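One structure below.
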Amino acid sequence: MIALVVVLGMLVAALGGVIVAREMGAPAEVALEPVATAGANPFMDSVGTDVPDVRPVAHTGGRHSGTTPGLYGGTGDDSSCDRSQLTRYLSAHPDRAAGWASVLGLRDGSSSTISSYVDGLTSVVLRSDTYVTNHGWSDGSVTSWPAVLQAGTAVLVDPYGNPVTRCFCGNPLTAPQSFTTVAYVGPRWTSFTSNSVTIINHQTTTVTNNYTIIDVHTGRGHDRPRGTDGERDRENREVREAFPGGAEPQAGGGAQAGAENGGGSAPDVVAPAAGGEGATGVAPGGAGPGTSTSPGSSTTTSTGPESSTTTTTPSTSGAGTTLAGTSWTAGSGCSFGPGTVTFGSGGRLTGTVSGTYTASAGALSLTTSSGSTTFDLPSASTTTLTSLSTPACTLTSTSS
Numbered sequence: 006m007i008a009l010v011v012v013l014g015m016l017v018a019a020l021g022g023v024i025v026a027r028e029m030g031a032p033a034e035v036a037l038e039p040v041a042t043a044g045a046n047p048f049m050d051s052v053g054t055d056v057p058d059v060r061p062v063a064h065t066g067g068r069h070s071g072t073t074p075g076l077y078g079g080t081g082d083d084s085s086c087d088r089s090q091l092t093r094y095l096s097a098h099p100d101r102a103a104g105w106a107s108v109l110g111l112r113d114g115s116s117s118t119i120s121s122y123v124d125g126l127t128s129v130v131l132r133s134d135t136y137v138t139n140h141g142w143s144d145g146s147v148t149s150w151p152a153v154l155q156a157g158t159a160v161l162v163d164p165y166g167n168p169v170t171r172c173f174c175g176n177p178l179t180a181p182q183s184f185t186t187v188a189y190v191g192p193r194w195t196s197f198t199s200n201s202v203t204i205i206n207h208q209t210t211t212v213t214n215n216y217t218i219i220d221v222h223t224g225r226g227h228d229r230p231r232g233t234d235g236e237r238d239r240e241n242r243e244v245r246e247a248f249p250g251g252a253e254p255q256a257g258g259g260a261q262a263g264a265e266n267g268g269g270s271a272p273d274v275v276a277p278a279a280g281g282e283g284a285t286g287v288a289p290g291g292a293g294p295g296t297s298t299s300p301g302s303s304t305t306t307s308t309g310p311e312s313s314t315t316t317t318t319p320s321t322s323g324a325g326t327t328l329a330g331t332s333w334t335a336g337s338g339c340s341f342g343p344g345t346v347t348f349g350s351g352g353r354l355t356g357t358v359s360g361t362y363t364a365s366a367g368a369l370s371l372t373t374s375s376g377s378t379t380f381d382l383p384s385a386s387t388t389t390l391t392s393l394s395t396p397a398c399t400l401t402s403t404s405s
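Just so you know, we're using the numbering used here here: the sequence shown kicks off at 6 and counts up by one.
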C-alpha cells in the first residue's frame, strides 16, 4: 500500500522547499509552546512576561521579513523583556553564557560581549504563532528542538528583525529548519492552525533603526527604536490593526473577545488609519490557508488533533549557488571552526565539521554541535560566505 503523504502547505511555502532529509515514517516532533510556559530545559528563570489572549493575526502563514510593519506587537511603555536581568543572569553563570553565546554566533560568552549584543536587541511581542528553533540547557550543555511559539510570546529581536531570545525562559532562538515529515506535539491552543504559522525571514542583511509595532491591547501603531523596550515609542497614526466591523479590542481581551464578537476570525496585520495613506505590512497576500509558493506541488490534509506531517523535495542550493559536493574552510572566528565543511547530499555536513544545513535564496543555515549559524549566500560566483551575526566567522571555498 502506498503510504499517505501529508503536506503542510505553510511549511513548504514558507521554507521554499528546503528541507533536511529524514526517514519517512519518522516525523520530526515540533513542539507547540503556549504563552507563559517555559518549555523543556529552560536556560534560566523568566526574564520577561508573555501576554495572554493576544488575538492571532490573519494572513501571516508563510515567510515574512522581521522588519515588516505590524509583524510584531508591544504593550505600551511596559517592557515585556528585561534585558538587564538577562545580562546579569548570564554574567553570573559563565557556563550557560558560553552556551547561549555559541547558539547565537557571538565571539565569546564574556560579560562584555553579551552585554554589547543584548544592548542592541529590541523587546517585542509575537502577534502570530511563529516557527523557530528553540534552545535549552540540560546537564551542562545546549539542547535544541523545533518549536512553534504562541502569539503573545515575548521575545527579543536582533537588528535584522530576527527573534533571538524567548524572554519567559531566556532561551536563545535561531532560524527554523524544515523536515521531510513533522508532527506537532504538546498542548494545542484553540486558535492554532498549521497553515497560519509565521516563519521570520532570516535572510536579510538590512539593519533597521525603527520597528513599526502594534499595541496588542489597543491596536494602535507605534514606532519603536532599535535597542529599546517601549519607553521611547512614538505613536504612528499611519498604521493600526484592522478589526472586523470596526470593533475595537479591549485591554486583555485577545482571542476570547474576538470569538465573542465575531466568531473568532482574526484581523489583518496592518491597515491605514482613517484618512491615512501608504501604510503597508503583513497584509493579505502571504502564504495563507491552502496555498503554496514552493517550486513543487503539495497537498494538505489533517492527521488528527495532535499531529500533522509534511514532505517535499530536498534543495541544497540558493541564489544560484549549488552547494552539494563542494568543500569550504571554516575560519577560527566560527564557533565550530577552524575546520572543513563539506556539503553532502540530503542536507548533511561531512568533513571535519559535522551537522546539517539548509539553503535558500540568499541564505545558508548550518546547524552543528555548537548551535546554528546563518550565512549570506549572494550568488553563484561567491567564494567567501560571511555569518550574518558574526562577521569574523567566514567560509572560504576550496573547490575548483
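Beta carbons are placed, not taken as given, at the ideal position from N, Cα and C, and that holds for glycine.
On a predicted model such as this, the values are computed, not experimentally measured, just so you know.
Quiz item: Using the C-alpha atoms, what's the distance from Gly338 back to Val153?
Solution: Cα-Cα distance, rounded: 31 Å.
Quiz prompt | Beta-bridge partners of Arg171, as assigned by DSSP | solution = Answer is Val160 and Asn176, bridged to Arg171.
Practice problem: Note the first and the last residue of the continuous alpha helix (DSSP H) segment covering Val108. | Solution: DSSP places Val108 inside the alpha helix (DSSP H), whose first and last residues are Pro99 to Val108.
Exercise. Please look up how many angstroms separate the CB atoms of Pro177 and Ile204, rounded, as I've assumed it's under 8 Å.
Key: Not really, about 18 Å apart at Cβ, beyond 8 Å.
Self-check item: Own chain, CB closer than 7 Å to Ser116, minus 5 neighbours either side, in chain order
Solution: Cβ neighbours of Ser116 beyond the five flanking positions: Ser96.
Exercise. Thinking Thr401 and Thr388 are a contact (beta carbons under 8 Å), I'd like their distance in whole angstroms, please.
Key: So it is a contact: roughly 7 Å between Cβ atoms.
Quiz item: Using the rule of at least 16 other Cβ atoms within 10 Å of the residue's Cβ for burial, across every protein chain shown, is Gly114 buried or exposed?
Solution: By the 10 Å Cβ count, Gly114 comes out buried.
Quiz prompt | Three or more C-beta pairs below 8 Å linking the region 157-175 and the region 43-55 | solution = Yes: the two stretches touch, three or more of their Cβ pairs being nearer than 8 Å.
Quiz prompt | Same chain, Cβ closer than 8 Å to Thr361, neighbours up to 5 away in sequence not counted | solution = Around Thr361, the same chain offers Val25, Gln182, Gly352, Arg353, Leu354, Leu371 and Thr372 as residues with beta carbons nearer than 8 Å, after the five sequence neighbours per side are excluded.
Quiz prompt | 7 Å CB neighbourhood of Glu34 in its chain, flanking five on each side removed | solution = Hits under 7 Å: Ala188 and Val190.
Quiz item: If we ignore side chains and look at the alpha-carbon of each, how far apart do Asp234 and Ile219 end up?
Solution: Asp234 and Ile219 have their C-alpha atoms some 14 Å from each other.
Quiz prompt | Close Cβ partners of Ala397 (< 6 Å) along its chain, the five nearest in sequence each way excluded | solution = Non-local beta-carbon contacts of Ala397 in its own chain, meaning distances under 6 Å to residues more than five positions away in sequence, involve Gly338 in chain order.
Practice problem: Kindly list the residues whose CB is nearer than 8 Å to the CB of Thr80, restricted to its own chain and excluding five residues on each side of it in sequence; keep chain order. | Solution: The residues are Val56, Val130, Asp220, Val221, His222 and Gly235.
Quiz item: Thinking just about the alpha-carbon of each residue, which of Gly78, Ser70, Ser51 and Gly66 is nearest to the one in Val59?
Solution: Of the candidates Gly78, Ser70, Ser51 and Gly66, the one whose C-alpha sits nearest the C-alpha of Val59 is Gly78.
Quiz item: Hey, how far is the Cα of Ser374 from the Cα of Glu243?
Solution: Their backbone Cα atoms lie some 45 Å apart in a straight line.
Exercise. Ignore the nearest five residues each way along the sequence and tell me which others in Phe380's own chain have a CB closer than 6 Å to its CB.
Key: If you ignore the 5 residues before and after Phe380, its C-beta comes within less than 6 Å of the C-beta of Leu369, Leu390 and Ser392, all in its own chain and listed in chain order.
Quiz prompt | Of the residues Thr198, Thr403 and Cys86, the one placed nearest Ser128, counting alpha carbons only | solution = When each option's Cα is compared against that of Ser128, the closest is Cys86.
Practice problem: Write down every uninterrupted run of the beta strand (DSSP E) in the region 199-249 whose length is 3 residues or greater and which is fully enclosed by it, in chain order. | Solution: Runs found: 203-206, 215-220, 225-230 and 239-247.
Quiz item: If you draw a straight line from the alpha carbon of Thr138 to that of Asn241, how long is it in whole angstroms?
Solution: Distance between the alpha carbons of Thr138 and Asn241: 32 Å.
Practice problem: Tell me, please, which residues DSSP counts as bridged to Pro61. | Solution: In the DSSP assignment, no residue is bridged to Pro61.
Exercise. Measure the C-alpha to C-alpha separation of Ser149 and Ala36 and round it to an integer number of angstroms.
Key: In this structure, the alpha-carbon of Ser149 lies about 11 Å from that of Ala36.
Self-check item: Selection from Asp134, Thr92 and Ser199 that minimises the alpha carbon distance to Thr158
Solution: When only C-alpha atoms are compared, the closest one is Asp134.
Practice problem: Please indicate yes or no: does the CB of Cys339 lie closer than 7 Å to some heavy atom of the ligand HEM? | Solution: Among the components of this structure there are no ligands whatsoever, and the ligand HEM is therefore not found.
Quiz item: In three-state DSSP terms, what is Ser133?
Solution: Three-state result, Ser133: coil.
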